[in-house]
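Enquirer: I'd like to ask you about the structure that follows.
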Amino acid sequence: MKVSVKRGDSFQEYEVPRQASQTVLDVVMYIQRVLDPTLAYRYACRVGMCGSCAMMVNGVPRWTCRTHVDRVIEKDALTVAPLRNLPVIRDLVTDMREFFDKWARAKGQFSGSQTRSDEFERVPPQSEPRQLADAGIECIGCGVCYAACDVVKWNPQYLGPAALNRAWTLVNDVRDRSGLERLRAVSGDAGCLACHSHVSCTERCPKHLSPTAAIAGLKRAVTKAVLQGDL
Amino acid sequence: MTYKTQARLWIAQRASAAVLAFCVVVHLVTIIYAVRNGLTATEILGRTRGSVAWFAFYSLFVLAVTVHAPIGLRPVLSEWLGWRGKSRDAALLVFAAFLAWAGMRAVLGVFA
Amino acid sequence: MRQHSSYWAFVVHRVSGVALALFLPLHFWTLGSALQLDGSLAWTQQPLVKLGEWLIVLALAAHLGGGLRVLALEFLPWRDWQKSLAAAAAALTFAVGLAFALAL
Numbered sequence: 002m003k004v005s006v007k008r009g010d011s012f013q014e015y016e017v018p019r020q021a022s023q024t025v026l027d028v029v030m031y032i033q034r035v036l037d038p039t040l041a042y043r044y045a046c047r048v049g050m051c052g053s054c055a056m057m058v059n060g061v062p063r064w065t066c067r068t069h070v071d072r073v074i075e076k077d078a079l080t081v082a083p084l085r086n087l088p089v090i091r092d093l094v095t096d097m098r099e100f101f102d103k104w105a106r107a108k109g110q111f112s113g114s115q116t117r118s119d120e121f122e123r124v125p126p127q128s129e130p131r132q133l134a135d136a137g138i139e140c141i142g143c144g145v146c147y148a149a150c151d152v153v154k155w156n157p158q159y160l161g162p163a164a165l166n167r168a169w170t171l172v173n174d175v176r177d178r179s180g181l182e183r184l185r186a187v188s189g190d191a192g193c194l195a196c197h198s199h200v201s202c203t204e205r206c207p208k209h210l211s212p213t214a215a216i217a218g219l220k221r222a223v224t225k226a227v228l229q230g231d232l
Numbered sequence: 121m122t123y124k125t126q127a128r129l130w131i132a133q134r135a136s137a138a139v140l141a142f143c144v145v146v147h148l149v150t151i152i153y154a155v156r157n158g159l160t161a162t163e164i165l166g167r168t169r170g171s172v173a174w175f176a177f178y179s180l181f182v183l184a185v186t187v188h189a190p191i192g193l194r195p196v197l198s199e200w201l202g203w204r205g206k207s208r209d210a211a212l213l214v215f216a217a218f219l220a221w222a223g224m225r226a227v228l229g230v231f232a
Numbered sequence: 022m023r024q025h026s027s028y029w030a031f032v033v034h035r036v037s038g039v040a041l042a043l044f045l046p047l048h049f050w051t052l053g054s055a056l057q058l059d060g061s062l063a064w065t066q067q068p069l070v071k072l073g074e075w076l077i078v079l080a081l082a083a084h085l086g087g088g089l090r091v092l093a094l095e096f097l098p099w100r101d102w103q104k105s106l107a108a109a110a111a112a113l114t115f116a117v118g119l120a121f122a123l124a125l
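Residue numbers (my numbering), protein chains in the order written: chain V, 2 to 232; chain B, 121 to 232; chain Y, 22 to 125.
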């Protein structure tokens, strides 16, 4: 099959033999190991756990190690490009710094108040806040949702689905003590209010999380805080 | 513009949307009724002129539109035209003022 | 990436919103002026104007449907059948458009 790989400003074509149960990562690895050692790309676990191999495959962000060629090939051809909405370091490798900077800007870090000498905080697993948090904490920061989001493309300041999803899990963490600060961080034009519910993030998330649901939760929390005069 | 103002604008947008949902349903029913029954302009005006209820309703409609349309356009201007900052917000304020003025002028013409 | 129903719902909602925002100043102005002059709205009987009216009503219904979808997504408890909301919005639009077309 013909594989077009985005390198810099142009596409380079490679002829790659098809194999049974071949994944797109297998294809990229074949190109670099057999055809062209200068190709730069990222992967680590290659079994769908780390998220490092995320790339655009035929225009859609996916984990290449979990994408079977048979499922995405179009007329015997494949297009592979670096993840969208991120600066490119080289070939298929993107600079993830902004992705994680926005995570920090959304106050996506836990901030507690207990020490080792205090009692454990009791958090019933079936309580509503914990269930809401659990629905979103499996995020591994792969960037697929960020690449899928058109608002990220149109609004460079937008914090993005992953950062906001993480903020929501922390809003629901009863042990966290920086709730208001976090709501302030996500309440501006760059925050949750910029989401237009395209739901592309939820469509593409390989872990089947729903940043759209998380962002809707943040919108309600921000509204409540503003109307109560807390913000 | 502070994040607080931005949040307030968003809330105003959603609140005016809820008001408009009601107003639009009433308006659509009214318009479809008028068109189906072949009401002429004179006949319509005969029913609307002097009606306090209709005047109040359409004044509310105009107010809700004045809030909703400019705030709705705001992200469209920044996301699709790259227009951000004070000039965009000032232009939207002018647009809102025009809608309020022209809207009330029409309401007065039809219902006063 | 953009082939799912929620994305189309967004596009329809935004385009109809912009169309309405462009139309409304004209609508307000025409109503205010024509009625001041002498109630003469005879030019509105032309077929092109009738088509325009139908498109505006369609845009209004589409925008309302899309708006109800957004309000439901943002303020009602989350369910996984959100896509049905996009379908419901489209159905509402179609129904209103049909009603108005039949009335014309």
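All residues carry an ideal CB built from backbone N, CA and C; glycine is no exception.
Please report whether the beta-carbon of Gly189 (chain V) lies at a distance below 8 Å from any beta-carbon of chain B.
Expert: Yes, Gly189 (chain V) lies at the interface with chain B (some Cβ there is under 8 Å from its Cβ).
Enquirer: Can you find at least 3 beta carbon pairs, one from the stretch 170-190 of chain B and one from the stretch 211-225 of chain B, that sit closer than 8 Å?
Expert: Contact holds: three or more Cβ-Cβ distances are below 8 Å.
Enquirer: Would you identify the three-state DSSP class for Pro62 (chain V), choosing helix, strand or coil?
Expert: Strand.
Enquirer: With 7 Å as the limit, tell me which residues of the stretch 175-198 of chain B have their beta carbon closer than that to any beta carbon of chain Y; keep them in chain order.
Expert: So the list reads Val185, Ala189, Gly192, Leu193, Val196, given in the order they occur along the chain.
Enquirer: Establish whether the CB of Ser27 (chain Y) and some CB of chain V are separated by less than 8 Å.
Expert: Yes - at least one Cβ of chain V is within 8 Å of the one on Ser27 (chain Y).
Enquirer: Would you list, in sequence order, the uninterrupted beta strand (DSSP E) runs of no fewer than 3 residues that lie entirely inside the stretch 41-89 of chain V?
Expert: Segments of the beta strand (DSSP E) lying fully in the stretch 41-89 of chain V: 55-58, 61-64, 78-82.
Enquirer: Can you confirm whether Arg169 (chain B), when its beta carbon is compared against all beta carbons of chain V, has any partner nearer than 8 Å?
Expert: Output row for Arg169 (chain B): interface = no.
Enquirer: Between which residues of its own chain and Phe130 (chain Y) is the CB-CB distance below 8 Å, once the five residues before and five after are set aside?
Expert: This structure does not reach residue 130 (chain Y), given that chain Y is present from 22 up to 125, and the question cannot be answered.
Enquirer: If the criterion is Cβ atoms closer than 8 Å, does the pair Pro162 (chain V) and Cys143 (chain V) meet it?
Expert: No, the Cβ-Cβ distance between Pro162 (chain V) and Cys143 (chain V) is not below 8 Å.
Enquirer: Would you say Leu26 (chain V) and Thr65 (chain V) are within 8 Å of each other, going by their C-beta atoms?
Expert: Yes, they are a contact pair.
Enquirer: Within 10 angstroms of its Cβ, does Pro88 (chain V) collect 16 or more other Cβ (buried), or is it exposed?
Expert: It is exposed - the Cβ of Pro88 (chain V) has fewer than 16 other Cβ atoms within 10 Å.
Enquirer: Taking 8 Å as the threshold (beta carbon to beta carbon), is Ala120 (chain Y) in contact with chain B?
Expert: It does; some Cβ of chain B falls within 8 Å.
Enquirer: So, at 8 Å on beta carbons, what are the nonlocal neighbours of Leu43 (chain Y) in its own chain, with the 5 sequence-adjacent residues on each side left out?
Expert: If we look at Leu43 (chain Y) and ignore the five residues flanking it on each side, it has no Cβ neighbours.
Enquirer: Only counting the same chain, and skipping five residues up and downstream in sequence, which positions put a Cβ closer than 6 Å to that of Val29 (chain V)?
Expert: Hits under 6 Å: Tyr42.
Enquirer: Quick check on Asn156 (chain V) - is its C-beta less than 8 Å from some C-beta in chain B?
Expert: At least one chain B Cβ lies under 8 Å of Asn156 (chain V).
Enquirer: Which first and last residues belong to the beta strand (DSSP E) in which Lys3 (chain V) is found?
Expert: 3-8 is the span of the beta strand (DSSP E), which, as asked, contains Lys3 (chain V).
Enquirer: Would you list, in chain order, the members of the stretch 127-149 of chain B that have their beta-carbon closer than 7 Å to a beta-carbon of chain V?
Expert: Taking 7 Å as the Cβ-Cβ cut-off against chain V, the residues of the stretch 127-149 of chain B that qualify are Ala127, Arg128, Trp130, Ile131.
Enquirer: Of the residues V:Arg67, V:Val61, V:Ile216, V:Arg34, which one's Cα is nearest the Cα of Met50 (chain V)?
Expert: Closest by alpha carbon: V:Arg67.
Enquirer: Given that a residue counts as buried once 16 or more other Cβ atoms are within 10 Å of its Cβ, and exposed if not, what is Lys220 (chain V)?
Expert: Buried, by the Cβ-count rule.
Enquirer: Write down the C-beta distance between Gly218 (chain V) and Leu133 (chain V) rounded to the nearest angstrom, noting that I regard them as a contact closer than 8 Å.
Expert: Confirmed, Cβ separation roughly 7 Å.
Enquirer: Using 7 Å as the cut-off, classify the Cβ of Ser188 (chain V) as near or not near the heavy atoms of the ligand ATP, replying yes or no.
Expert: With respect to the ligand ATP, the structure offers nothing, as it holds no ligand at all.
Enquirer: If Ala186 (chain V) and Ala107 (chain V) are in contact, beta carbons under 8 Å, what's the gap, nearest whole angstrom?
Expert: Correct: roughly 6 Å between the Cβ atoms.
Enquirer: Just mark Ala105 (chain V) as buried or exposed, buried being the case when its beta carbon has 16 or more other beta carbons within 10 Å.
Expert: Ala105 (chain V) comes out exposed.
Enquirer: Considering only their Cβ atoms, is the gap separating Arg167 (chain V) from Gly113 (chain V) smaller than 8 Å?
Expert: Cβ atoms of Gly113 (chain V) and Arg167 (chain V): not closer than 8 Å.
Enquirer: What does Val223 (chain V) reach in chain B if we use C-beta pairs closer than 7 Å?
Expert: Per Cβ cutoff of 7 Å: Ala127.
Enquirer: Give me the Cβ distance between Ser37 (chain Y) and Ala83 (chain Y), rounded to the nearest whole Å; I'm assuming they're in contact under 8 Å.
Expert: The pair is a contact, with the Cβ atoms about 4 Å apart (cut-off 8 Å).
Enquirer: May I ask you to list the residues that DSSP assigns as paired with Gln13 (chain V)?
Expert: Per DSSP, V:Val6.
Enquirer: Confirm, please, whether the CB-CB distance from Ala82 (chain V) to Lys3 (chain V) is below 8 Å.
Expert: No, they are not a contact pair.
Enquirer: Check Val124 (chain V) in the structure and name its three-state DSSP category.
Expert: Coil.
Enquirer: With DSSP as the reference, label Arg194 (chain B) as helix, strand or coil.
Expert: In the structure shown, Arg194 (chain B) sits in a helix (DSSP, three-state: H, G or I).
Enquirer: Just the C-alpha distance for Met224 (chain B) and Leu47 (chain Y), rounded to the nearest angstrom, thanks.
Expert: C-alpha separation (whole angstroms): 14 Å.
Enquirer: Identify the contact partners of Leu159 (chain B) in chain Y, using a Cβ-Cβ distance below 9 Å as the criterion.
Expert: Those within 9 Å of Leu159 (chain B) in chain Y number zero; the least Cβ separation is about 11 Å.
Enquirer: Among all the DSSP beta bridges, which residues are the ones paired with Thr242 (chain V)?
Expert: Absent from the model: residue 242 (chain V). The displayed extent of chain V is 2 to 232, so no value can be given.
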